[in-house]
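*Asks:*
Numbering (this note's numbering), first residue to last: 13 to 120.
This is the structure we're talking about:
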């Protein structure tokens, strides 16, 4: 399950055993993303499989009906929260619909 709200991207993997390397996640905004929370971090009892200081760059390859995408390692039974940081250039926009609570703009 992926949910997007403003500059935050929530990525949930509830599968009991499957992790997904280079999992492509669509996003409405281009730019750089940093991990702000990963339930796989050691302090949450995880295995710290993702680099907590990595900067993920979006690509122009759309996915999930979104114009941009990023690739992540989605570990089984985890949630990651990414925040868009830095450059507010191309693609940085919130549509009027996305601020109204329209579920189609939040979850996919």
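For every residue, glycine included, the Cβ atom is placed at its ideal position computed from N, Cα and C. On a predicted model such as this, the values are computed, not experimentally measured, just so you know.
Relative to the C-alpha of residue 83, which residue among 54, 52 and 23 is closest?
*Replies:* Residue 83 has its Cα closest to that of 23, out of 54, 52 and 23.
*Asks:* Nearest to residue 78 by alpha carbon, out of 28, 46 and 37?
*Replies:* Ranking 28, 46 and 37 by Cα distance to residue 78 puts 37 first.
*Asks:* Measuring straight from C-alpha to C-alpha, what distance separates residue 76 and residue 17?
*Replies:* Rounded to the nearest angstrom, the two C-alpha atoms are 15 Å apart.
*Asks:* Which partner residues of residue 16 appear in the DSSP bridge assignment?
*Replies:* Per DSSP, 21.
*Asks:* Alpha carbon to alpha carbon, what distance is there between residue 19 and residue 47?
*Replies:* The alpha-carbon atoms of residue 47 and residue 19 are separated by roughly 12 Å.
*Asks:* How about residue 35 and residue 95: are their beta carbons less than 8 Å apart?
*Replies:* Not closer than 8 Å, so no.
*Asks:* Tell me whether the beta-carbon of residue 63 lies closer than 8 Å to the beta-carbon of residue 52.
*Replies:* Cβ distance not < 8 Å, so residue 63 and residue 52 don't count as in contact.
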